Every structure is written in C-alpha cells, then in structure tokens.
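Worksheet: one structure, shown below.
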Amino acid sequence: MKIDLNSDMGEGFGPYRLCDDDAMMKIVSSANIACGFHGGDPDTMGRMVRLAKLNGVGIGAHPGLPDRLGFGRRELPFQADELRQQMLYQLGALMAIAKAERVAVSHISFHAAMGNMVNRDPVLADLMMDAIAVVDATLVVFVTSGSVIEQAAKRARLKTLALFLADRAYDAGGRLVTRGLPGAVIKDEAAVRARVRKFLLDGSVETIDGAVIAMPARSILVHSDTPGALELAGIVRGEIEATGATLAPAAELAD
318 MKIDLNSDMG EGFGPYRLCD DDAMMKIVSS ANIACGFHGG DPDTMGRMVR
368 LAKLNGVGIG AHPGLPDRLG FGRRELPFQA DELRQQMLYQ LGALMAIAKA
418 ERVAVSHISF HAAMGNMVNR DPVLADLMMD AIAVVDATLV VFVTSGSVIE
468 QAAKRARLKT LALFLADRAY DAGGRLVTRG LPGAVIKDEA AVRARVRKFL
518 LDGSVETIDG AVIAMPARSI LVHSDTPGAL ELAGIVRGEI EATGATLAPA
568 AELAD
C-alpha cells in the first residue's frame with residue numbers, strides 16, 4: 318500500500334519559524350506551503366520550494382485568509398468572489414516561485430478558516446474548484462472524505478486525496494472536534510502512534526467519545542504547529558514503514 322504523509326509548512330515569516338521545516342521536509346512526502354497570507358512570505362516560500370525539490374517532496378499550495386494575527390483561524394466576512402481572488406492570488410504566487418525553480422505545484426490544501434468556509438457552502442466550493450480547474454486541471458485537492466469540497470472538486474473534474482489528521486480528534490460524524498475543546502488536539506506520542514497504526518491496519522479511527530468509525534483516506538496530516546510536531550511526524554512515518562506501507566507524494570495517489 319502507498320500512502321502520503323504531509324504537513325503544513327513555511328508558516329512562519331522572516332526570521333520567525335513555527336517548526337524545523339528543514340527537518341520536517343526529510344520526513345514527509347508532501348508539503349503544504351503557506352502562501353503569504355496567514356503565514357509565509359516570498360523568501361520563506363522560495364526556501365520551502367527549494368527544500369521540497371532537494372528532498373523529492375510534493376509541493377502544494379496552502380492558501381488561507383489574510384489574517385496573520387489570527388493565523389488564518391478566524392472566519393472573516395469576505396464575499397465569495399473576494400475569497401476566490403485571495404485563493405487565486407496565493408496559488409499563483411506559489412506556482413510562479415515553483416516554476417522559477419523548475420518544479421511544479423501538484424496539490425492544494427485549504428488552511429483553517431478558509432477551508433471551513435468553503436466546506437460549508439456548496440456554491441462557494443463550486444466557485445473555488447472551477448477557478449482551480451481553469452488555472453491547472455491537474456492539481457490535486459486535499460479533502461475530507463464525503464465533504465462539500467470533495468463533491469465540488471469531483472464536479473469540476475479535479476482529482477482529490479482524502480486526509481486523515483493524525484493529531485486531531487474526530488467526532489462520531491467524522492468531523493474534526495473544534496480546536497478549543499478539550500482533547501481536540503492530540504499531542505501524546507503514544508496516542509498518535511496507536512491512532513495511526515489502527516488507521517493503517519483497518520482504515521478506522523477511534524472518535525473522541527470512544528466510538529470507531531471508518532476513515533477512508535490515503536494521506537496522513539501532521540500539523541507543524543502541534544507541540545512536538547517533528548517527533549509526531551517521525552512516529553507516523555515509523556508506523557507507515559512498520560506496517561509495510563510505502564510513502565508516496567499526493568500526485569501519485571489521487572483519484
């Protein structure tokens with residue numbers, strides 16, 4: 318079995334960094350690179366692209382709301398077309414930087430509030446997916462299985478790749494538990510190891526309430542801003558290898 322391991326990267330700016338991106342890039346198979354709004358800047362984006370190229374890692378755009386202070390996690394009252402332009406602005410910037418390094422952007426993964434807003438509104442989701450398809454119909458869209466974004470991507474004839482978030486709790490409906498609630502972010506190494514192993518062996522995950530639900534995914538995400546992210550990513554990669562799976566970038570796995 319082939320599986321992708323990805324992380325959101327380059328989310329600092331200037332001299333400020335959220336994690337050791339250089340080390341994380343040696344662990345993952347795909348990198349979701351912040352595009353300058355919630356995090357990142359031109360220099361950081363260029364450095365991430367070069368690191369990804371050096372390590373053979375798939376390059377993805379990670380667009381968010383223009384809210385550096387709130388790290389793109391606050392929903393702001395933008396109109397649908399404003400959100401579309403914000404997404405395109407960020408995607409285009411990363412694509413240009415990547416092209417100058419003679420590599421290509423292969424996927425897109427929405428950040429936090431932008432993703433939540435798109436995933437609640439089928440009309441907005443169609444607007445976004447149609448725009449992505451016009452820019453580059455080969456881009457893979459990271460999704461939650463069965464989500465509004467996945468359905469819109471399929472309508473736009475875009476390839477998708479379903480995610481399993483190793484460091485986030487799910488409820489019985491397969492939705493992420495709100496970050497502010499107890500237990501929503503999973504930092505314990507043993508807990509992450511057990512969750513990932515269960516997912517790899519039988520395609521399921523234990524919810525925050527102790528139920529077991531199916532988790533149809535081909536990519537595992539570890540957030541770079543989760544405490545101990547580098548160690549957690551290493552654990553996830555170790556479990557992937559221990560169960561006989563092979564790492565592969567998103568572009569090789571999408572359908």
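Under my numbering, the first residue of the sequence shown carries the number 318, and numbering increases by one thereafter. The C-beta atom is built at its ideal place from N, Cα and C for all residues, glycine as well. This one's a predicted model, so the numbers in the text were calculated from it and none came from an experiment.
State buried or exposed for residue i, treating a residue as buried only when at least 16 other CB atoms are found within 10 Å of its CB.
i: glycine 318; result: The amino acid at residue 318 is misidentified as glycine; the sequence shows methionine. With fewer than 16 Cβ atoms within 10 Å of its Cβ, methionine 318 is classed as exposed.
i: glutamate 399; result: exposed
i: alanine 483; result: buried
i: alanine 567; result: buried
i: alanine 531; result: exposed
i: arginine 554; result: buried
i: valine 451; result: exposed
Just to check my reading of the structure: residue i and residue j have Cβ atoms closer than 8 angstroms, yes? What is that Cβ distance to the nearest angstrom?
i: histidine 428; j: glycine 381; result: 3 angstroms
i: valine 522; j: phenylalanine 481; result: 7 angstroms
i: alanine 448; j: arginine 474; result: At roughly 13 angstroms, the Cβ-Cβ gap does not stay under 8 angstroms, so alanine 448 and arginine 474 are not in contact.
i: alanine 430; j: arginine 390; result: 6 angstroms
i: methionine 446; j: alanine 470; result: 5 angstroms
i: alanine 369; j: methionine 342; result: 6 angstroms
i: leucine 517; j: alanine 546; result: Not quite, the Cβ-Cβ distance comes to about 19 angstroms (not below 8 angstroms), so this is no contact.
i: glutamate 556; j: arginine 510; result: 6 angstroms
Taking Cβ positions, are residue i and residue j nearer each other than 8 angstroms?
i: threonine 560; j: arginine 514; result: yes
i: serine 426; j: alanine 565; result: no
i: isoleucine 344; j: methionine 365; result: no
i: cysteine 352; j: leucine 393; result: no
i: phenylalanine 330; j: glutamine 403; result: no
i: glutamate 328; j: aspartate 526; result: no
i: asparagine 285; j: valine 465; result: Outside the shown range of the chain, which is 318 to 572, sits residue 285, and nothing can be said about it.
Along the chain, where does the beta strand (DSSP E) containing residue i start, and where does it finish?
i: leucine 388; result: First, the residue type needs correcting, since residue 388 is phenylalanine and not leucine in the sequence shown. Run containing phenylalanine 388: none; DSSP gives neither H nor E here.
i: methionine 326; result: 319-326
i: lysine 476; result: 476-482
i: isoleucine 376; result: 375-379
i: alanine 531; result: 529-531
Over the uninterrupted alpha helix (DSSP H) stretch that includes residue i, give me the two end residues.
i: leucine 444; result: 439-452
i: glutamate 548; result: 546-559
Short of 6 angstroms in beta carbon distance, which residues of its chain neighbour residue i, apart from the five on each side in sequence? Order them along the chain.
i: lysine 476; result: Val457, Ala571
i: valine 528; result: The residue you asked about is not valine; residue 528 is alanine in the sequence shown. So the list reads Ala489, once near-sequence residues are dropped.
i: alanine 397; result: Leu441, Leu444
Here's a check: name, in chain order, each residue in its chain whose Cβ is nearer than 7 angstroms to the Cβ of residue i, leaving out the five neighbours to either side.
i: alanine 415; result: Val366, Ile376, Ala421, Val422
Spatial neighbours of residue i within its chain, please: CB distance less than 8 angstroms, with the 5 preceding and 5 following residues excluded, ordered by chain position.
i: aspartate 339; result: Leu368
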